[in-house]
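Numbering (this note's numbering), first residue to last: 345 to 897.
Just so you know, even glycine gets a beta-carbon here, dropped at the ideal spot from N, CA and C.
This structure is a prediction, so every number in the text was calculated from the model and none was measured.
Okay, so here's the structure we're looking at.
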């Protein structure tokens, strides 16, 4: 029988976590940010005034860039791309310009890779040499891309394709089109240069004194992101379709006052690194009423990678993401894994994820550092999620066997010291999450030296194959969780975690095992008001977990 003192301690923890943490986090929630908007003179120039031809053959690079430069030098205005098929090389935006693309217009970037110069750029959060972005701008103010037309990055000219993502007939057609296949026969590359880059270590990461000439032998491998704005202020992307990117689709980097509204963002589902929107080290951002169907993470928050990100020291902060729909993507809403500069004060609400590999995806790993905190998520609907509906993983990208619940047993594991390289996920509030179909409802995997901390989940209704797994977590309050699962041995697995409270847990149907607690570090686990009428077995303790670690009331 549990000692009275221990029982009182756990009940006190339940009260503190079940209600106090919610109130504390709510009290700390800052006001929604105000995102400054663009404004342009009414002056308008058409690209046809500068010799552009919309026949799909004429290269319009000079005409489009001349129109942009001219209107900017006159004080700003609109550059109009009328109906037509406008083949072009890289477009360079200028301050005070609204590039407006009519609905019957397609801006198609050339598949002549020689049209894109090698430039010093950024790749996955670190400085690197890359091919010039099809659309770019740096240190600009008051810029926009609007309309209802299509921007197509011609990404098939750049991307490698994995064999296992193709049907037999698709693969044969792709190989017959040209390019080369690696020795293992598993990946197709569009050129020998691209294949050489894939087999070269740290491709594109330059050192002091290196120039573009040092990377010419791997040039084709250094795929650009389609649209990149760097250190710009007051940006509007509205109405257009942006698709078929060589790598990431839209990448605002170190920008302020960004509005993304009513976009359609598309990539082939198999598109390598085919992210939708990667918001990196930006401040004051609004993303609303947009649709994503892409080959990698859909809406993603980043802030630099490892030492480079920590040295930059620019968190992504003050972000509102609302009323968006995501179809295919590796994650619907994502933070990481390059989050070394941190992320904070982010609101995600009224979004739908339909068929995304993972719904809410938060990923990092040792070496990143960075603090991700004050994330507020509300009213999220998910259907047909092949992986986890809600995932926190601090072992992202790790090679070899990864720690799983209950596997460590009595083994002595060397735990690294907490340093600037230790990442942190803390202070998340999630409310009103509805899931119909997922491999697993909720999965947390923290680090032994740094648990995932202070997470509140309220009113979640989840139908999935499996229920909940918490590894190395602390200060987790779950209230009003309905779980309808196919496999319930156990429904909830808690490993090496502490101060966990489930209030009003509602299992649906017959449950084989309600809770399994494992690991010597597991303590202060409380279930209050749980529906247990159809539970065959209430609890189980393995790998050193004590029965005193759990109270069910």
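The beta-carbon separation of residue 860 and residue 892, rounded to 16 Å, does not stay under the 8 Å limit for a contact.
Its chain contains 502, 590, 591 as the residues whose beta carbon lies nearer than 6 Å to that of residue 567, once the 5 sequence neighbours on both sides are disregarded; these appear in chain order. Under the three-state reduction of DSSP output, residue 573 falls in the strand class. For the segment 598-667, the continuous alpha helix (DSSP H) assignments of 4+ residues that do not extend past its boundaries occur at 650-656, in sequence order. Contiguous alpha helix (DSSP H) elements confined to the segment 440-484 do not occur, taking only those with 4 or more residues. The bridge partners DSSP lists for residue 678 are 644, 705. Taken through DSSP and simplified to helix, strand or coil, residue 871 comes out as strand. The C-beta of residue 890 has fewer than 16 other C-beta atoms within 10 Å across all chains shown, which makes the residue exposed. Around the Cβ of residue 762, a 10 Å sphere holds fewer than 16 other Cβ atoms; the residue is exposed. Per DSSP, the continuous alpha helix (DSSP H) segment holding residue 515 begins and ends at 512-520. Taking every protein chain shown into account, the CB of residue 381 has fewer than 16 other CB atoms within 10 angstroms, so this residue is exposed. When secondary structure is reduced to three states using DSSP, residue 544 falls in the coil class, being assigned neither helix nor strand. Residue burial annotation: residue 687 is buried, with at least 16 other C-beta atoms found within 10 angstroms of its C-beta. Between residue 606 and residue 633, the beta carbon gap of about 5 Å places them in contact (Cβ cut-off 8 Å). In the three-state DSSP reduction, residue 409 falls in the helix class (H, G or I). Between residue 473 and residue 556, the C-beta gap is smaller than 8 Å, which places the two residues in contact. Under the three-state reduction of DSSP, residue 818 is assigned to strand. Counting C-beta pairs with one atom in each stretch, the segment 417-430 and the segment 456-469 have fewer than three that are closer than 8 Å, which means they do not touch. Per DSSP, residue 374 is not a residue of any beta strand (DSSP E), being assigned neither H nor E. When the Cα atoms are used, residue 530 and residue 707 turn out to be separated by approximately 27 Å. In terms of Cβ geometry, residue 713 and residue 765 form a close pair [threshold 8 Å]. Here DSSP, grouped into helix, strand and coil, assigns residue 539 to helix. According to the DSSP assignment, residue 876 belongs to no beta strand (DSSP E), since it is labelled neither H nor E. Under DSSP, the beta-bridge partners assigned to residue 805 are 778, 826.
Here residue 866 is buried. Its C-beta has 16 or more other C-beta atoms within 10 Å. At a Cβ-Cβ threshold of 8 Å, residue 851 and residue 879 count as neighbours. Looking at the backbone, the Cα of residue 519 and that of residue 508 are separated by about 14 Å. Checking the DSSP bridge columns, you'll see residue 839 partnered with 815, 862. Nearest in C-alpha terms to residue 845, of all of 823, 839, 832, is 823. When the beta-carbon positions are compared, residue 796 and residue 816 come within less than 8 Å of each other. In the three-state DSSP reduction, residue 897 falls in the coil class, being neither helix nor strand.
By DSSP's assignment, residue 715 forms a beta bridge with 768.
Collapsing the DSSP output to three states places residue 499 in a helix. Classified as buried, residue 767 has 16 or more neighbouring CB atoms from the shown chains inside 10 Å of its CB.
Taking the C-beta atoms as reference points, residue 377 is found no nearer than 8 Å to residue 723. The bridge partners DSSP lists for residue 533 are 524.
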